[in-house]
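**Q** Each residue of the sequence shown is one higher than the one before, starting from 1351 at the first, in our numbering.
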Amino acid sequence: VLHVSAKETLDLVEAANGAAVALTMPSFEVVFDRALSFKGSGAFVLTGDDAKAPITAFRQALDQALAQAGLRTRPSGTAHVTLAYDDRHVTEHRIDPIRFAVEAFFLVDSLVGQGVHRQLGRWPLQPRP
1351 VLHVSAKETL DLVEAANGAA VALTMPSFEV VFDRALSFKG SGAFVLTGDD AKAPITAFRQ
1411 ALDQALAQAG LRTRPSGTAH VTLAYDDRHV TEHRIDPIRF AVEAFFLVDS LVGQGVHRQL
1471 GRWPLQPRP
């Protein structure tokens, strides 16, 4: 958890905005074909091997743009979308593929433990050729 002042928050958002505006990437499709629970966190997620390539390329480009703006990033692990948190553990299993287009990305302030998420920025990706 990162605790920063209002001024520090504005500086971070401004730097992130500069990085995001500079990012030029085409939109892409993500395919999730497996469901599972992450051990330890209780997160029930969707994931898939086909999701890795486009998300990894996007994340690398975003990390580079953020680094050039003077911001540090933490490498992310498995490409996934979290559906819920639960104490029950679901072993990995195949599901019918779920596909969606990623056409924009967002900066979100997540108020940990409060269930509140504030959108601080939104940036579109370029249309696919």
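Here a beta-carbon is modelled for each residue, glycine too, at the ideal position from N, C-alpha and C.
Do F1408 and T1397 have their CB atoms nearer than 7 Å?
**A** As a first step, residue 1408 is located in the sequence shown; it is residue number 58 there, counting from the start. As a first step, residue 1397 is located in the sequence shown; it is residue number 47 there, counting from the start. Cβ distance not < 7 Å, so F1408 and T1397 don't count as in contact.
**Q** Is R1478 closer than 7 Å to A1376 when the C-beta atoms are compared?
**A** Locating residue 1376 in the sequence shown gives position 26, where the first residue counts as 1. Locating residue 1478 in the sequence shown gives position 128, where the first residue counts as 1. The residue asked about is misnamed: residue 1376 is Pro in this sequence, not Ala. Result yes, Cβ atoms of P1376 and R1478 sit closer than 7 Å.
**Q** Run through the DSSP bridge pairs and tell me what I1448 is partnered with.
**A** Counting from 1 along the sequence shown, the entry for residue 1448 is found at position 98. For I1448, which the question treats as bridged, DSSP gives the partners F1382.
**Q** Select from L1421, G1463, R1468 and I1448 the residue whose C-alpha is nearest the C-alpha of E1379.
**A** Taking the first residue of the sequence shown as 1, we reach residue 1379 at position 29. It is I1448.
**Q** What residues are listed by DSSP as bridge partners for A1434?
**A** Translated into positions along the sequence shown, residue 1434 becomes position 84. F1394.
**Q** Please state whether DSSP places V1458 in a helix, a strand or coil.
**A** Counting from one through the sequence shown, the residue named residue 1458 turns up at place 108. Note: V1458 maps to strand in three-state DSSP.
**Q** To which residues of the same chain is L1457 closer than 6 Å at the C-beta, ignoring the five residues directly before and after it?
**A** On the sequence shown, residue 1457 is found 107 positions in, with the first residue counted as 1. Cβ within range, chain order: A1366, L1470 and G1471.
**Q** In angstroms, rounded to a whole number, what distance separates the CA positions of A1434 and V1395?
**A** In the sequence shown, counting from the first residue as 1, residue 1434 sits at position 84. In the sequence shown, counting from the first residue as 1, residue 1395 sits at position 45. If I take the Cα positions, the gap works out to 7 Å.
**Q** Would you decide whether H1430 is buried or exposed? Buried here means 16 or more other CB atoms lie within 10 Å of its CB.
**A** Your numbering for residue 1430 matches position 80 in the sequence shown. H1430 should be labelled buried.
**Q** DSSP three-state label for Q1469, please.
**A** By 1-based counting over the sequence shown, the position of residue 1469 is 119. In this structure, Q1469 counts as strand in the three-state DSSP scheme.
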